Every structure is written in structure tokens, then in C-alpha cells.
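First the structure, in the form of C-alpha cells, and then the observations on it.
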Amino acid sequence: MGLIHVVFGQPSVPVLGEAIAMDEKMEGEILCFEDDLSVGPLFILDTKEGQAGRKQFWQQLAGIQPQPVVENEAGASVQEAAEEPGDADRFRALKAQLKENPEQEVWIWAGQNARDVCGYYWLVSQLYDFAGRIHIIYLNNLPFLNEKGGVFYPTHLHQILPKEFLKAKKLARPISLAEYELDGDEWHRLMNENAGIRLLEGGKKIKGEPTLFYDKELTAQSGKEFVKAWRIVQQVTGKLKYPVMDQFLGWRLKELIREGKLESKGELKTIRDFEVKQPGENTENSTAG
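Position one of the sequence shown corresponds to residue 4 (the numbering used here), numbered consecutively onward.
What follows is the structure, encoded as C-alpha cells:
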């Protein structure tokens, strides 16, 4: 029976897949959790209400109007039934697999970034019953070789060459009972704190910040002339040690426009569809645009 390799986010899947193909000891399936838990609401995420609130947050980011939920006779919401399986469904399937196969082992891969660390906390808080079979490979502050043979310190799994993963697998170790307890508590703290965004401060230390955390920087990067929104987002992320999702920063730009703190032209869809500038001045140019 092969391993179950867990990653957080699609970009990690192809490189890890290549690495697994190189080493039969790593043979197994890759289970990818999609939600980026480093942004948005986490409050009571272990309940249906919490999950619905989170889904609404992603719809807001994507500019989708929430659909009214209609219940069918069985009491299940029709909207949910028609949708793609989410992380909660993937987790239920994982748990069922672990119960069915007492020999099954799981390797959780995490890079040094808030998304992976928050994902790890979420998972570990629910896997206590399978202690001894769940392993962690946390690649924090570890040197790897890049394509040119130079040493670098990756923050994300997708930055690592497939053959370099084969060294990393030696770090796989079972999650300890103390970690289940402490890291499970940490997850509950994060849920209760319910910050707008979560940043990694080093190690596994996550610090919550308000949703408005990057607004000042986004405003500062906007000038008196119209500039494409994606360029502003790029300038802000370029300054950060750990990058933040473009979609999140794009949503913040739209909120700043809505609040009158920035002006825009173009359609407020993706960050490639509109331009922004600071309010006032050059009004004749902006009306012409």
C-alpha cells in the first residue's frame, strides 16, 4: 500500500509527482487541499456555518454574487449538491481511508509559508486518532540546490527540483502526541482569533493581522497617474518576504476604490482588467479614459 502525500495548493502537485516517480519508497497518491487558510475568516470553521462563511469570502474575492441556497426534500442544499468536492469532503475521504486501512501512512509536506503551516494546523487538529501514522516533512530554513547548482532557501514546495525532494524525504517523522495537543490548540486559537490574514513569523509561528494590513502599501504604490492594477500588486508582493495571493490584494484594491481612497478605470474584474490611481488631479485625463 502506497503512502498518501498531502500538499496544500496545486503548484506543489507536479514537482512532488515527479519526485515520487523517481523513488519507489515514496510511491503513493497525492492529496491536495485547495483552500488557502492563511487569508479570510476561520471562525467556527469546524461547523457548516463556518464553512459557508468562508465560501462566501471566496465568492466575494472572485466578485461572484452569493447564490440563494435552496433546500431539497432531503434537507440538503441543492447548491452544495451540484458543486465540486471541497476540502471538507477530501478530509472525510482521507479519514475513511485511514480507518479502513490500519497500515496506511500519511506524509504531510509543508514549505515555510503561512498557507502550508495553517493547512498543517487545520489537519493535525483532526488527526489525533491516527497518531503514529501521520508524518510531517517541514522544509523550514533548509538549503536546497537550484537548477544551476546554487544553494537557496525555498519558501514553497514548487520552488524545489524534483530530485531534491528525495533528500527531503529523510526528514519525514511521525507527529508527536505533544504536537497533536499543542498544534491542535494553536488551530483553535487561530479560529477564535479569526484574523483577516495570517503571516508566518518564522518556525511555525503564525501571527494574525487585520484584513486592511496591506491597504497602506497598496495606496502608497498608487501614483497620480493611472497604473494597471496587476503592476501595483506585483510591486507590493515584490517587497514581501512571503508573497500574498494576487486575488486577495486585487480584492483589497477594489475595496479601496469602493471606499473612495483610490480611483479606477476599466472593469473591476481581475487585476488585469482595471487601472488605479490616487484620487483627485488629472480629472480631465481620467474622464477621457
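Backbone N, C-alpha and C define an ideal beta-carbon position, used for all residues, glycine too. Values in this document were obtained by computation on a predicted structure and should not be read as measured data.
In this model, GLN59 and LYS151 are separated by some 44 Å (Cα to Cα). The beta carbon of PHE46 lies closer than 8 Å to those of GLY53, GLY56, MET194, ASN195 and ASN197 in the same chain, with the five residues before and after it left out.
Separation of the CB atoms of SER225 and GLN162 is rounded to 30 Å, and the pair is thereby denied contact status at 8 Å. Beta-bridge partners assigned by DSSP to PRO177: HIS138. TYR217 has its alpha-carbon roughly 21 Å from the corresponding atom of GLU228. The C-alpha of GLU258 is placed about 39 Å away from the C-alpha of LYS98.
In this structure, PHE36 lies away from GLY153, with their beta-carbon atoms at least 7 Å apart. Boundaries for GLU266: no alpha helix (DSSP H) harbours it, while the beta strand (DSSP E) harbouring it runs 266-269, taken from the DSSP string.
Cβ contact annotation for ASP38 (same chain, cutoff 6 Å, sequence separation greater than five): ASP90, in chain order.
Bridge partners of VAL109 according to DSSP: ILE7 and ILE137. In this structure, DSSP gives ILE209 an extended state, which the three-state scheme calls strand. Comparing alpha carbon positions, the residue from LYS166, LYS268, TYR141 and GLY20 closest to PRO177 is TYR141. Here VAL120 is not bridged, per DSSP, to any residue.
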